[in-house]
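A.B. asks:
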Amino acid sequence: MSALDIVKDLIGFDTTSRDSNLALIDYAQALLEKAGARCRRSYDASGAKANLFATFGPQNNGIECDGGYVLSGHTDVVPVDGQDWSSDPFKPEVRGSKLFGRGACDMKGFVGTALAMAPEIGKAKLKRPIHFALSYDEEVGCAGVKGLLDDLKAQNLKPALAIIGEPTLMKIVGAHKGGAKLVTKCCGREHHSSGPEKGANAVMMAGEFVALLDKVWDELRADVDPRFDPPHSTVQANVIHGGTAVNILAKEAEVTWEYRALPDRDPSKIIARVKERAEAEVLPKYKRRAAEAALLTTLHAQYPGLVMDEESAAIRLARELTGANQVEAVAYGTEAGHFQNYGIPAVICGPGSIDQAHRPDEFCELSELEACEAFLRKVIAKACT
46 MSALDIVKDL
56 IGFDTTSRDS
66 NLALIDYAQA
76 LLEKAGARCR
86 RSYDASGAKA
96 NLFATFGPQN
106 NGIECDGGYV
116 LSGHTDVVPV
126 DGQDWSSDPF
136 KPEVRGSKLF
146 GRGACDMKGF
156 VGTALAMAPE
166 IGKAKLKRPI
176 HFALSYDEEV
186 GCAGVKGLLD
196 DLKAQNLKPA
206 LAIIGEPTLM
216 KIVGAHKGGA
226 KLVTKCCGRE
236 HHSSGPEKGA
246 NAVMMAGEFV
256 ALLDKVWDEL
266 RADVDPRFDP
276 PHSTVQANVI
286 HGGTAVNILA
296 KEAEVTWEYR
306 ALPDRDPSKI
316 IARVKERAEA
326 EVLPKYKRRA
336 AEAALLTTLH
346 AQYPGLVMDE
356 ESAAIRLARE
366 LTGANQVEAV
376 AYGTEAGHFQ
386 NYGIPAVICG
396 PGSIDQAHRP
406 DEFCELSELE
416 ACEAFLRKVI
426 AKACT
């Protein structure tokens with residue numbers, strides 16, 4: 046099967062993060078095992094989602110060898126809810142020079158192209174292993190890859206490097222920001238809205254908390270790394286829920302917010318700053334009205350940044366195979382930081398543009414898939430040396 050055919054098949058699986066990815070994993074495992082790969086899975090607590098780790102190449106008395114190259118991608122996609130698509134997002138269409146569908150660039154384009162190379166990898170005379178690492182729930186805090194890496198640790202297996210095929214227009218990316226999703230629950234006291242000082246309005250508290258986040262973001266602008274765009278850490282509130290009726294002071298409200306921190310900064314300091322400032326600047330007014338008033342912040346997901354190391358094995362290989370000298374840094378997050386923290390040097394290089402990710406009418410240029418295929422053939426050739 047061609048890379049395009051496999052990518053289209055993958056898009057046809059609705060693997061929105063809230064749903065199971067097992068049908069896609071079954072499909073991928075069948076392709077890999079047919080080509081001769083040795084496969085193993087690791088599951089989430091529900092058993093409805095799985096990571097797939099597959100290996101081609103030499104073994105040592107039936108035991109997987111250290112070293113080799115990981116081709117890494119996530120299988121989940123973001124929701125299409127509320128988006129205005131020109132066609133069914135899970136029925137891929139080629140229009141002109143572009144392939145349209147949810148996940149076309151983020152990141153079933155890479156995963157499908159890599160799977161299409163499996164027969165060639167299976168026939169190659171590999172001197173070092175080539176691994177496939179397909180994860181679940183990257184889009185909701187890189188939850189799946191942690192289990193995948195824990196499974197590798199349990200096997201005492203450490204590949205030499207990982208190529209994470211997120212969309213970079215096939216450019217080399219060697220650093221990205223770290224991030225987290227947090228939820229702050231604002232707790233107040235209900236009362237008739239005609240007497241606002243006799244209760245504690247949690248929605249108004251949430252508004253002041255959001256204003257505080259904006260202040261903290263402004264303060265973070267002073268710490269700059271010009272390789273990134275924007276060149277500083279950011280804090281954003283993106284979802285607010287609260288209240289029951291227009292004439293009732295809200296008892297509860299929730300603010301969902303995120304930070305994206307420069308990769309070699311301590312993100313715990315951002316969280317601590319927000320909590321301390323909120324306790325000092327937002328909460329006291331509401332405490333005076335209701336003793337039970339509170340701000341409760343919970344960390345829901347977190348992923349580490351990828352710290353630039355231009356001398357790493359991963360970046361050196363990517364430079365050698367692409368002929369590119371420039372190594373870029375990006376503001377979005379990937380699973381690369383988790384690989385780096387595990388001790389596996391990582392680089393990001395894959396087809397498509399991040400500008401098309403998460404949007405209606407997501408697409409990947411067919412020429413990008415072709416460029417990815419050519420790049421992966423060079424990876425295979427290098428693994429034979």
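Okay, so the sequence shown: first residue is 46 according to this note's numbering, each after it adds one. Each residue gets a CB set at the ideal place from its N, CA and C atoms; glycine is no exception. On a predicted model such as this, the values are computed, not experimentally measured, just so you know.
Excluding sequence positions up to five away, which residues of its chain have a Cβ less than 8 angstroms from the Cβ of Arg272?
C.D. replies: Looking up residue 272 in the sequence shown gives position 227. Hits under 8 angstroms: Ala220, Met353, Glu373 and Ala374.
A.B. asks: Just checking my contact of Ala178 with Phe98 at CB under 8 angstroms: how many whole Å lie between their CB atoms?
C.D. replies: Along the sequence shown, one-based indexing puts residue 178 at 133. Along the sequence shown, one-based indexing puts residue 98 at 53. Contact holds; Cβ gap of about 6 angstroms.
A.B. asks: Just to confirm before moving on: does the CB-CB distance between Ala298 and Ala336 stay below 7 angstroms?
C.D. replies: The residue you call residue 298 lines up with position 253 of the sequence shown. The residue you call residue 336 lines up with position 291 of the sequence shown. Going by C-beta atoms, Ala298 is not nearer than 7 angstroms to Ala336.
A.B. asks: Kindly indicate which three-state DSSP category Leu171 falls into: helix, strand or coil?
C.D. replies: One-based indexing of the sequence shown puts residue 171 at position 126. Of the three classes helix, strand and coil, the one that applies to Leu171 here is coil, per DSSP.
A.B. asks: Which one or two residues does DSSP pair with Trp302 in a beta bridge?
C.D. replies: In the sequence shown, the residue the question calls residue 302 occupies position 257. Answer is Leu227 and Ala282.
A.B. asks: If you run the structure through DSSP and keep just helix, strand and coil, what is Asn386?
C.D. replies: Along the sequence shown, one-based indexing puts residue 386 at 341. Helix, per DSSP.
A.B. asks: Where do the N-terminal and C-terminal ends of the beta strand (DSSP E) with Pro219 fall, by residue?
C.D. replies: As a position in the sequence shown, residue 219 is number 174, starting the count at 1. Checking the sequence, you will find Gly at residue 219 rather than Pro. Start and end: Val218 to His221.
A.B. asks: Do the stretch 319 to 334 and the stretch 199 to 208 meet, that is, are 3 or more Cβ pairs less than 8 angstroms apart?
C.D. replies: no
A.B. asks: Of the residues Cys409, Ala251 and Lys423, which one's Cα is nearest the Cα of Ser142?
C.D. replies: Taking the first residue of the sequence shown as position 1, residue 142 is located at position 97. Considering only alpha carbons, the answer is Cys409.
A.B. asks: How many Å lie between Asp311 and Gly224 at the Cα?
C.D. replies: For this step, residue 311 is matched to residue 266 along the sequence shown. For this step, residue 224 is matched to residue 179 along the sequence shown. Between Asp311 and Gly224, the C-alpha separation is close to 11 angstroms.
A.B. asks: Which residue or residues does DSSP assign as beta-bridge partners of Phe408?
C.D. replies: Against the sequence shown, residue 408 aligns to sequence position 363. DSSP links Phe408 through a beta bridge to Phe145.
A.B. asks: Measure from the alpha carbon of Phe58 to the alpha carbon of each residue in Asp121, Leu116, Cys84 and Asn105, then state which is nearest.
C.D. replies: On the sequence shown, position 13 is the one that residue 58 refers to. Looking at the Cα atoms, Asp121 is the closest of the given residues.
A.B. asks: Looking at the unbroken alpha helix (DSSP H) that takes in Tyr331, where does it start and where does it end?
C.D. replies: Residue mapping note: residue 331 aligns to position 286 of the sequence shown, counting from 1. Residues Leu328 to Arg334.
A.B. asks: CA-CA distance, Ala82 and Pro212?
C.D. replies: Residue mapping note: residue 82 aligns to position 37 of the sequence shown, counting from 1. Residue mapping note: residue 212 aligns to position 167 of the sequence shown, counting from 1. Answer to the nearest angstrom: the Cα atoms are 26 angstroms apart.
A.B. asks: In terms of residues, what are the limits of the beta strand (DSSP E) holding Phe98?
C.D. replies: In the sequence shown, counting from the first residue as 1, residue 98 sits at position 53. Here the beta strand (DSSP E) through Phe98 covers Ala95 to Phe101.
A.B. asks: Helix, strand or coil for Tyr181 per DSSP?
C.D. replies: Here residue 181 refers to the residue found at position 136 when the sequence shown is read from its first residue. Residue state, collapsed to three classes: coil.
A.B. asks: Taking its Cβ as the centre, do 16 or more other Cβ atoms sit within 10 Å of His176, making it buried, or is it exposed?
C.D. replies: Within the sequence shown, residue 176 is the residue found at index 131, counting from 1. Its Cβ being crowded by 16 or more others within 10 Å, His176 is buried.
A.B. asks: Going residue by residue through the stretch 341 to 394, where are the continuous alpha helix (DSSP H) segments of at least 4 residues, counting only ones entirely within it?
C.D. replies: 358 to 367 and 381 to 387
A.B. asks: For Phe145 and Met152, I'd like the C-alpha separation in whole angstroms.
C.D. replies: Residue numbering aside, residue 145 sits at position 100 when the sequence shown is read from its first letter. Residue numbering aside, residue 152 sits at position 107 when the sequence shown is read from its first letter. Phe145 and Met152: Cα-Cα distance of roughly 12 angstroms.
A.B. asks: Count the other CB atoms within 10 Å of the CB of Val269; is the residue buried (16 or more) or exposed (fewer)?
C.D. replies: The residue labelled residue 269 in the question sits at position 224 within the sequence shown. Burial call: exposed.
A.B. asks: If you follow the beta strand (DSSP E) that Thr115 is in, where does it begin and where does it stop?
C.D. replies: Your numbering for residue 115 matches position 70 in the sequence shown. In the sequence as displayed, the identity of residue 115 is Val instead of Thr. It spans Tyr114 to His119 - the beta strand (DSSP E) in which Val115 sits, taken as one unbroken run.
A.B. asks: In the DSSP assignment, the beta strand (DSSP E) including Leu214 goes from what residue to what residue?
C.D. replies: Position 169 of the sequence shown holds residue 214. Looking at the DSSP string, Leu214 is not in any beta strand (DSSP E), and its letter there is neither H nor E.
A.B. asks: With C-beta atoms as the reference, is Leu160 less than 7 angstroms away from Leu76?
C.D. replies: Numbered from its first residue, the sequence shown carries residue 160 at position 115. Numbered from its first residue, the sequence shown carries residue 76 at position 31. The answer is yes: Cβ separation under 7 angstroms.
A.B. asks: So, at 8 angstroms on beta carbons, what are the nonlocal neighbours of Asp182 in its own chain, with the 5 sequence-adjacent residues on each side left out?
C.D. replies: For this step, residue 182 is matched to residue 137 along the sequence shown. Hits under 8 angstroms: Ser62, Asp89, Lys94, His119, Asp121, Ala188 and Gly189.
A.B. asks: Answer yes or no: do Pro164 and Gly113 have a C-beta to C-beta separation smaller than 7 angstroms?
C.D. replies: Taking the sequence shown and counting its residues from 1, the one referred to as residue 164 is at position 119. Taking the sequence shown and counting its residues from 1, the one referred to as residue 113 is at position 68. Against a cut-off of 7 angstroms, the Cβ pair of Gly113 and Pro164 comes out as no contact.
A.B. asks: If you measure between the beta carbons of Ile285 and Ala338, is that distance less than 7 angstroms?
C.D. replies: Reading the sequence shown from its first residue, position 240 is the one you call residue 285. Reading the sequence shown from its first residue, position 293 is the one you call residue 338. Contact flag unset, no.
A.B. asks: Could you spell out where the alpha helix (DSSP H) holding Leu49 opens and where it closes?
C.D. replies: Along the sequence shown, read from residue 1 onward, the residue named residue 49 stands at position 4. From DSSP, the alpha helix (DSSP H) with Leu49 extends over Ala48 to Ile56.
A.B. asks: Closest to Leu351 by CA distance: which of Ile166, Arg266 and Gly388 is it?
C.D. replies: On the sequence shown, residue 351 is found 306 positions in, with the first residue counted as 1. Closest option to Leu351, Cα to Cα, is Gly388.
A.B. asks: Would you call Pro390 buried or exposed, if buried means 16 or more other Cβ atoms sit within 10 Å of its Cβ?
C.D. replies: The sequence position of residue 390 within the sequence shown is 345, counting from 1. Buried, by the Cβ-count rule.
A.B. asks: Is it buried or exposed for Gly240, if we count other Cβ within 10 angstroms and need 16 for buried?
C.D. replies: What you label residue 240 is simply residue 195 of the sequence shown in a count that begins at 1. When all chains shown are included, Gly240 counts as exposed.
A.B. asks: Excluding the 5 residues flanking Lys332 on each side, which residues of the same chain have their C-beta closer than 7 angstroms to its C-beta?
C.D. replies: Sequence index remark: in the sequence shown, residue 332 carries index 287 (1-based). Cβ neighbours of Lys332 beyond the five flanking positions: Ala338.
A.B. asks: With a Cβ-Cβ cutoff of 7 angstroms, do Glu303 and Gln281 count as a contact?
C.D. replies: As a working note, residue 303 is residue 258 in the sequence shown. As a working note, residue 281 is residue 236 in the sequence shown. A contact, by the Cβ cut-off of 7 angstroms.
A.B. asks: Please tell me whether Ala73 and Lys222 are closer than 7 angstroms, where the distance is taken between their beta carbons.
C.D. replies: Your numbering for residue 73 matches position 28 in the sequence shown. Your numbering for residue 222 matches position 177 in the sequence shown. Their beta carbons are not under 7 angstroms apart, which means Ala73 does not touch Lys222 by this criterion.
A.B. asks: Among Val392, Leu328 and Glu326, which one has its Cα closest to the Cα of Glu356?
C.D. replies: Walking along the sequence shown from the start, residue 356 turns up at place 311. The option with the nearest alpha carbon to Glu356 is Val392.
A.B. asks: Hey, quick one: how far does the beta strand (DSSP E) through Ala207 stretch, first residue to last?
C.D. replies: If you number the sequence shown from 1, residue 207 lands on position 162. Looking at the DSSP string, the run of the beta strand (DSSP E) that includes Ala207 is Leu206 to Ile209.
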